[in-house]
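Letter 120 of the sequence shown, counting from 1, is numbered 576 in the working numbering, and no numbers are missing. Glycine included, C-beta positions come from ideal geometry on N, C-alpha and C. The structure under discussion appears below in the form of structure tokens.
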Amino acid sequence: MPETAQTSGPVVRTGAVAFANHLPLALIAGPCQLEGRNHALEVAAALKEMASRLGIGLVFKSSFDKANRTSGRSARGVGLDEALPVFAEIRESLGLPVLTDVHEAEQCERAAQAVDILQIPAFLCRQTDLLLAAAATGRAVNVKKGQFLAPWDMAHVAAKVTEAGNPNVIVTERGASFGYNTLVSDMRSLPIMARVTGGAPVVFDATHSVQQPGGQGATSGGQREFVAVLARAAVAVGVAGVFIETHPDPDRAPSDGPNMVALADLPALVERLMAFDRLAKG
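Okay, here's the thing in structure tokens:
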């Protein structure tokens, strides 16, 4: 039976932003790593202005800890204690929902006090205790599909969250391992993940999909020039949202610079993706 675009299905709402495969495209965006209060507020304010002007739902994203850096000498981030007040300020002063990664079950309850969506990193997507702890907070849970999983394997991952009593689960495609230091995005996985999870909102992570894990030796590389290509393809297939990491100066970013989109280039890309989305969803 051919995969077709959804015309209805579950809706995950966070603030004024709705994620559903049949609703208009939503955006998750922000710098890979939280670099401090001023930097985060600067990027969040610019993103809010763009989202308001274009009319797209926006969730601000940043990580307080990059716990799976290639090298132990790489900068990991400011840590949870310093990040929580920044996340809370972004929510309160700018009115934006906030998403951040959690890596340990003990972090979930604390992070949930200041953010709206808890994200499970791809490498940890099958960690049952982490998924259950995130579900128990009542916050929406965005699970990145592991680079080692088939799309239909996400049925069991999503079920761990929903069977714990939390229906607000989002699943995200971020590429599959394809040889050494390389990922490939199979666009079939987008409708497959929606189908096997009972219609859970599917997000496409356009920036991590062009990452080259460990591709620069002690750090990961990336092919930023292909972000727009893959994002357009995913939105044409039909998704609830796109995940795009962005930075005012990606080449100077402490993490994932090679695959992040320059903040100045993001509005034109998002506007194009919205046009693709309107066409895909009729």
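Arg644 burial status per 10 Å Cβ neighbour count (16 or more: buried): Counting of Cβ neighbours within 10 angstroms places Arg644 among the exposed residues, the total staying below 16.
Range covered by the alpha helix (DSSP H) that runs through His612: First-last of the alpha helix (DSSP H) with His612: Met610 to Thr618.
Asp661, DSSP secondary structure in three states: The three-state reading of DSSP puts Asp661 in strand, counting E and B together.
Buried or exposed by the 16-neighbour rule on C-beta atoms within 10 Å, applied to Pro458: Low confidence applies here, because Pro458 scores a pLDDT of 46, under 50, leaving its location unreliable and the question unanswered by this model.
Buried versus exposed, by CB contacts within 10 Å (16 or more), Gly533: Within 10 angstroms of the beta-carbon of Gly533 lie 16 or more other beta-carbons, which makes it buried.
As assigned by DSSP and simplified to three states, the class of Pro458: The pLDDT assigned to Pro458 is 46, lower than 50, so where the model puts this residue is not dependable; a value taken from the coordinates is nonetheless given after this. It is coil, neither helix nor strand.
Run of the beta strand (DSSP E) containing Ala482, from where it starts to where it stops: Taken as a continuous stretch (DSSP letters only), the beta strand (DSSP E) holding Ala482 covers Ala482 to Gly486.
Top-ranked residue by Cα proximity to Ile484, from His664, Leu540 and His478: Looking at the Cα atoms, His664 is the closest of the given residues.
Of the residues Ala689, Val473, Ile546 and Val558, the one placed nearest Leu725, counting alpha carbons only: Of Ala689, Val473, Ile546 and Val558, the residue nearest in Cα terms is Ala689.
For His703: DSSP bridge partner residues: Paired residue(s): Ala718.
Per-residue DSSP class, three states only, for Gly551: Under the three-state reduction of DSSP output, Gly551 falls in the coil class, being neither helix nor strand.
Assigned exposure category for Asp557 - 16 Cβ within 10 Å defines buried: Classified as buried, Asp557 has 16 or more neighbouring CB atoms from the shown chains inside 10 Å of its CB.
For Ile576, the three-state DSSP class (helix, strand or coil): Ile576 falls in the strand class under three-state DSSP.
Three-state class that DSSP yields for Ala591 in the structure shown: Per DSSP, reduced to three states, the secondary structure at Ala591 is helical.
Ser518 versus Gly738 - alpha carbon distance: Distance between the alpha carbons of Ser518 and Gly738 is about 32 Å.
Best match in Gln569, Gly678, Thr463 and Ser633 for proximity to Asp537 [C-alpha to C-alpha]: Relative to Asp537, the option among Gln569, Gly678, Thr463 and Ser633 whose CA is nearest is Gln569.
Cβ shell of Ala692 (< 7 Å), same chain only, five flanking positions each side left out: Excluding positions up to five away in sequence, the list reads Phe732 and Ala736.
Collapsed DSSP secondary structure at Lys504 in the structure displayed: Correct three-state label for Lys504: helix.
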